[in-house]
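As numbered in the numbering used here, residues 2 to 248 make up the sequence shown, in order. Everything on this sheet refers to the single structure shown next.
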Amino acid sequence: MLAIIVEAKVKLLPKPSRKEVIMAAFSNIEEAGSAVANIIASGVIPAGLEMMDNAVINATENFCHAGYPTDAAAILLCELDGYGDSVLWEIDQVTQQCQQFNAVSVQTAQNTDEQELFWQGRKSAFPAIGQLTPDYLCMDGTIPRKHLAYVLSEISAYSKQIGLAVANVFHAGDGNLHPLIMYNANNPGELKKAEEIGAKILQLCVSIGGTITGEHGVGIEKLNQFKSIKEAFDPTHLLNCNSSDPI
2 MLAIIVEAKV KLLPKPSRKE VIMAAFSNIE EAGSAVANII ASGVIPAGLE
52 MMDNAVINAT ENFCHAGYPT DAAAILLCEL DGYGDSVLWE IDQVTQQCQQ
102 FNAVSVQTAQ NTDEQELFWQ GRKSAFPAIG QLTPDYLCMD GTIPRKHLAY
152 VLSEISAYSK QIGLAVANVF HAGDGNLHPL IMYNANNPGE LKKAEEIGAK
202 ILQLCVSIGG TITGEHGVGI EKLNQFKSIK EAFDPTHLLN CNSSDPI
C-alpha cells in the first residue's frame, strides 16, 4: 500500500434513456482491429467495445449459445447509449466503419434479451476457454488503439514461432488486450514457452507506446518493481507494517 484515500468527489450522471448493442463479424482479425481504431476516430465513444477472435467465439458459443457466428475470424460487440437521435447517429457511424473494413455482417440486437445474450457470451469467454486447454496464461497489456491490427498480427506470429495457441479477447475500446496463451502444465517446457510468448507481447506493447497492464495488476513476476516504487515513497516502511516491522 502506498496511501489511503480518505475523501473522494464524484459526479452523478442520469442513466441514458436508450441503449443499443451491435455485433459485427469479420473474416480477418486485423481488419476488425482497424475498425476499432476508426470507430473511436469517427467521434463515437461507446459504452462498451469488445473484441473476440475465432477460438474464443467458438468456445463461448459452445459454452452458452450466445448466437455468435462461429465462422467469423473475429467479432466486435459495441454498446451505444445516450438520448434521442444521437444513438441512431452513432449506430450509423459504427456500421459505416465496420463495413469500411469489410465486416461480413453488422447486426443490432432486436431487444433487451438479445442484448443481454450478446454480453453473456463475452462475460463467459474466460471460463469457456477451459474447454480448449487445461491451463492458460492471461496477459494484460494496453496499447494505443491505432496499433491493434499490427499487434494482433504480431501475436499470431509469436504463437506460430513458439508453438502454442493464443486466443484473443479484450476491451478493444481502450486498447486493453487479454491474449490467453494456452498450454498444458503437465507437458515439460510448455509453461516456459507460455511465459516466453507473454514476455514478447508485453515488450511489444511497451515498444509502441503502451503499458504492461491495464486493469489486472502486474503479477508476482514484477513484484520487485512494485517494491522499489513503494520504497521510494515509503522508505521508513510506515504503510502496511505489522507488530514485527520496525517503526
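Heads up, the beta-carbon is just placed ideally off N, CA and C, and yes, glycines get one too.
Per DSSP, cross-strand counterpart(s) of Lys20:
Asp82
Does DSSP classify Ile6 as helix, strand or coil?
coil
In three-state terms, what does DSSP make of Phe171?
strand
Roughly how many whole angstroms lie between the Cα atoms of Ile40 and Leu77?
11 Å
Could you pull the DSSP bridge partners for Glu51 from this structure?
Leu78
Roughly how many whole angstroms lie between the Cα atoms of His179 and Pro236?
C-alpha separation (whole angstroms): 34 Å.
Per the DSSP calculation, Pro15 is bridged to which residue(s)?
Paired residues: none, contrary to the question.
Using 10 angstroms around the beta-carbon of Phe234, count the other beta-carbons present and answer buried if the total reaches 16, otherwise exposed.
exposed
Given this structure, state the Cα-to-Cα distance separating Ala56 from Glu196, to the nearest angstrom.
20 Å
Can you tell me where the beta strand (DSSP E) with Tyr184 in it begins and where it stops?
180 to 184
If we count the other Cβ atoms within 10 Å of its Cβ and call it buried at 16 or more, is Val7 buried or exposed?
With fewer than 16 other CB atoms across the displayed protein chains lying within 10 angstroms of its CB, Val7 is exposed.
Based on DSSP bridge pairs, tell me the residues matched to Val107.
Ala25
Specify the secondary structure class of Ile230 as computed by DSSP and reduced to three states.
helix
Quick test of your reading: Ile1 and Gly199, contact by CB under 8 Å. State the CB separation rounded to the nearest angstrom.
Here the chain covers residues 2 to 248 and nothing more, so residue 1 does not appear.
Per DSSP, Leu138 is paired with what?
Beta-bridge annotation (DSSP): Leu138 is paired with Ile182.
Where does the unbroken alpha helix (DSSP H) through Leu133 begin, and where does it stop?
Run containing Leu133: none; DSSP gives neither H nor E here.
Does the Cβ-Cβ distance between Val107 and Ile23 come in under 8 Å?
yes
Mapping the DSSP letters down to three states, classify Asn187 as helix, strand or coil.
Coil.
Cα-Cα, which of Ala104, Ile92, Gln98, Asn103 is closest to Ala110?
Ile92
Through-space distance from Asn188 to Phe27, alpha-carbon basis:
34 Å
Let me know if Leu13 comes out buried or exposed under the rule of 16 or more other beta-carbons within 10 Å of its beta-carbon.
exposed
Rounded separation between Asp246 and Lys228 - CA only
For Asp246, the predicted structure reports a pLDDT of 47, less than 50, and the residue's modelled location is therefore unreliable. The matter cannot be settled from this model.
If Leu138 and Ile182 are in contact, beta carbons under 8 Å, what's the gap, nearest whole angstrom?
4 Å
Going by DSSP, what residue range makes up the alpha helix (DSSP H) through Phe102?
Element bounds for Phe102: n/a, residue is neither H nor E.
Quick one: is Arg19 buried, meaning 16 or more other Cβ sit within 10 Å of its Cβ, or exposed?
exposed
Can you tell which of Val170, Pro15, Cys206 has its C-alpha closest to the C-alpha of Ala60?
The option with the nearest alpha carbon to Ala60 is Val170.
Separation of Gly164 from Val88, as counted between CA atoms:
44 Å
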